[in-house]
Every structure is written in structure tokens, then in C-alpha cells.
Amino acid sequence: MSAPFPGSLCHRCRFLRLSGNKRGSVFLQCTEPSLPKYVPQPVRACGHFVAATPGK
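Per my numbering, the very first residue in the sequence shown carries number 27; after that it's consecutive.
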């Protein structure tokens, strides 16, 4: 699964969840409760950013 917007801050955030569909589309989903589920991309700055733990 190749994620879109590789330069987005979301790719390095612990709140990222990748989801896809049968047609091969990939979506960046935010699991931080106070933010919209699908944040407009690419994200360059976010006050809720928490660095992801490597390997997870």
C-alpha cells in the first residue's frame, strides 16, 4: 500500500492510520479525537502532532 502525500507531517505522527479500498486507493486517517477523521493533505504543521514510535 503506497500512501499519498509522502511529505505530509501525518506520516510521522502516532495518530496516523492508513486505510484503503478494493480499488487500491489509500487514505490517511487521523485518530486524534479532536481533529477531523480525514484532514486535508498535505499537512505541514499540526498542533496535535506526536512523533510516532519507530517500528509501529
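Glycine included, every Cβ here is placed at the ideal spot set by N, Cα and C.
Inset, instruction - Specify, as a first and last residue, the run of the beta strand (DSSP E) that L44 falls within. - result: 42-46
Legend entry - Pairwise C-alpha distance: C56 and F41: 5 Å
Inset, instruction - State the Cα-Cα distance for the pair L54 and A71, rounded to the nearest angstrom. - result: 15 Å
Inset, instruction - On the DSSP bridge assignment, give the partners of V52 in chain order. - result: In the DSSP assignment, the residues bridged to V52 are G46.
Inset, instruction - Measure the alpha-carbon distance for N63 versus P80 and round it to whole angstroms. - result: For the record, residue 63 in the displayed sequence is Lys; it is not Asn. The alpha-carbon atoms of K63 and P80 are separated by roughly 23 Å.
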